[in-house]
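Q: This is the structure I want to talk about, given as structure tokens.
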Amino acid sequence: MPSDPAGAVPLGSRVVLRYRLPAGYSHPMTDVIGELVALEPAVVVRTETRQLVQVAPDAVVALKALTPRPIRTGEIRALESAATAGWPGLELEWVDGWLLRAGAGFTSRANSAIPLGDPGTVADPADPEVRARLAAWFAERGLPLRLLIPDRLARIPPGWPAGGDVQVMAADLDNVPVPEGPTPVLVSGRPDEDWLSRYRSGARPEDARRVLGAVARGVLGFGRIGAPGSEPVAIGRAAVTDAPDGRRWVGLTAIEVAPEHRRNGLGTLMCGSLLRWGRERGATHTYVQVAEDNTGARALYRELGFVDHHRYRYATEPVGPLA
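Under the numbering used here, think of the first position of the sequence shown as 233, with each following residue one higher.
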């Protein structure tokens, strides 16, 4: 196999593999496009139909990285559905094709409306009547009307302040390294006081525990590194939920490491251990939601094999009378 392409193409990349065919074929070589799974002892590419193509290294003619596969709108809607179930807040309700979440004001995600209805069913919040219905639901709970707008699922209404851009990254769990054998990461079904003392340095509102412990049709795991009865040096939260397209996702949130223990691989160990925990519960894919300006976290997840999937941003109803 040519040495330069193999060294330049990381696992998990979308590639085109050209290889020689055995004698007797009508043509001497062929191509396959898919995801690079392995380079040794054989070069393995997984096609979009999930078929594994294995080629001996000495039969490889060329291996070239391609731009990432375009993400379909339906895939964005499916992943966001799984992510919403993994962080549902304390109340959920459908209104005009929007799934509304309320979580006592804790986190924008848990207190926003997201357009997850089927195509053609999501009403335009720029319509005064739609806006009034959405705003009334949040007002009854003492919350402003905040929209979470993923790429291509809806448009931000004209004149609405927008920001808080978030990059959603995803990966096939088969392409993400997870630790083998025992690790110091302990995973439980709920956050105890020690776990909460590390989360956001203990600065959290009263309802944070309930929001953290909420999941819709899924299972939660709270990881920690540290002796029971003491403040952990690292924590993380994992939510395993199903998407409408049949994929089962494990989403990572609240990955935190004590400042004095950072850059020692504990964040990577926590992520890998929680992903293994999710895979043991049937997850096949994983996602994270990272603030656009958090370059350090995005670099960590890229090293683990995550790739950019889509973005979302928030839009808040402007103060003033309905347009």
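Cβ coordinates follow ideal geometry from the N, Cα and C atoms, glycine included.
According to DSSP, is S313 part of a helix, a strand, or is it coil?
A: The residue given as residue 313 occupies position 81 in the sequence shown. In the structure shown, S313 sits in a helix (DSSP, three-state: H, G or I).
Q: In the DSSP output, what is W326 paired with across the bridge?
A: The residue labelled residue 326 in the question sits at position 94 within the sequence shown. Per DSSP, L331.
Q: Does DSSP put V427 in a helix, in a strand, or in coil?
A: Numbered from 1 along the sequence shown, position 195 holds the residue referred to as residue 427. A small correction: the amino acid at residue 427 is Trp; Val does not occupy that position in the sequence shown. The answer is helix: DSSP assigns W427 an H, G or I state.
Q: Measuring alpha carbon to alpha carbon, tell me which of Q399, L380 and V551 ends up nearest V539.
A: Locating residue 539 in the sequence shown gives position 307, counting from the first residue. Nearest C-alpha to V539: Q399.
Q: With a Cβ-Cβ cutoff of 9 Å, do A317 and R449 count as a contact?
A: For the purposes of this step, residue 317 is taken as residue 85 along the sequence shown, with counting starting at 1. For the purposes of this step, residue 449 is taken as residue 217 along the sequence shown, with counting starting at 1. Going by C-beta atoms, A317 is nearer than 9 Å to R449.
Q: Leaving aside the five residues before and after G537 along the sequence, list all residues of the same chain whose C-beta is less than 6 Å from its C-beta, in chain order.
A: Here residue 537 refers to the residue found at position 305 of the sequence shown. Answer for G537: G244, A403, N407 and V408, listed in chain order.
Q: Helix, strand or coil, according to DSSP, for L298 in the structure here?
A: Position 66 of the sequence shown, counting from 1, holds the residue named residue 298. Reduced to three states, the DSSP call for L298 is coil.
Q: Between the Cα of G445 and the Cα atoms of A270, V269, N526 and A486, which residue gives the shortest distance?
A: On the sequence shown, position 213 is the one that residue 445 refers to. Per the Cα distances, A486.
Q: With DSSP as the reference, label A238 as helix, strand or coil.
A: Sequence index remark: in the sequence shown, residue 238 carries index 6 (1-based). Any reading at A238 is ruled out, since the residue's pLDDT is 44, under 50, leaving its predicted position unreliable.
Q: How is S505 classed by DSSP in three states: helix, strand or coil?
A: As a working note, residue 505 is residue 273 in the sequence shown. It is helical.
Q: Is the number of C-beta pairs between the segment 282-289 and the segment 300-314 that are closer than 8 Å three or more?
A: Output reads no: the segment 300-314 does not touch the segment 282-289.
Q: How many Å lie between V241 and I308 at the Cα?
A: Position 9 of the sequence shown, counted from the first residue, corresponds to residue 241. Position 76 of the sequence shown, counted from the first residue, corresponds to residue 308. Straight-line Cα distance between these residues: approximately 26 Å.
Q: Which of the three DSSP states, helix, strand or coil, is assigned to F370?
A: In the sequence shown, the residue the question calls residue 370 occupies position 138. Of the three classes helix, strand and coil, the one that applies to F370 here is helix, per DSSP.
Q: So what does A466 bridge to, in DSSP terms?
A: Along the sequence shown, read from residue 1 onward, the residue named residue 466 stands at position 234. Answer is I457 and V489, bridged to A466.
Q: Assuming P464 and W427 are in contact, meaning their beta carbons sit under 8 Å apart, how far apart are those beta carbons, in whole angstroms?
A: Within the sequence shown, the letter at position 232 stands for residue 464. Within the sequence shown, the letter at position 195 stands for residue 427. At roughly 6 Å, the Cβ-Cβ gap stays under 8 Å, so P464 and W427 are in contact.
Q: Determine the direct distance from the alpha carbon of M502 to that of R282, and round the result to whole angstroms.
A: For this step, residue 282 is matched to residue 50 along the sequence shown. For this step, residue 502 is matched to residue 270 along the sequence shown. Straight-line Cα distance between these residues: approximately 29 Å.
Q: Express the C-alpha separation of R384 and P237 in angstroms, rounding to a whole number.
A: The residue labelled residue 237 in the question sits at position 5 within the sequence shown. The residue labelled residue 384 in the question sits at position 152 within the sequence shown. Model confidence at P237 stands at a pLDDT of 44, short of 50, so the residue's coordinates are unreliable and nothing is read from them.
Q: Tell me the DSSP secondary structure of R378 in three-state form.
A: As a first step, residue 378 is located in the sequence shown; it is residue number 146 there, counting from the start. R378 falls in the strand class under three-state DSSP.
Q: Among L507, L380 and Y544, whose alpha-carbon lies nearest the alpha-carbon of E524?
A: The residue given as residue 524 occupies position 292 in the sequence shown. With distances taken between Cα atoms, E524 lies closest to Y544.
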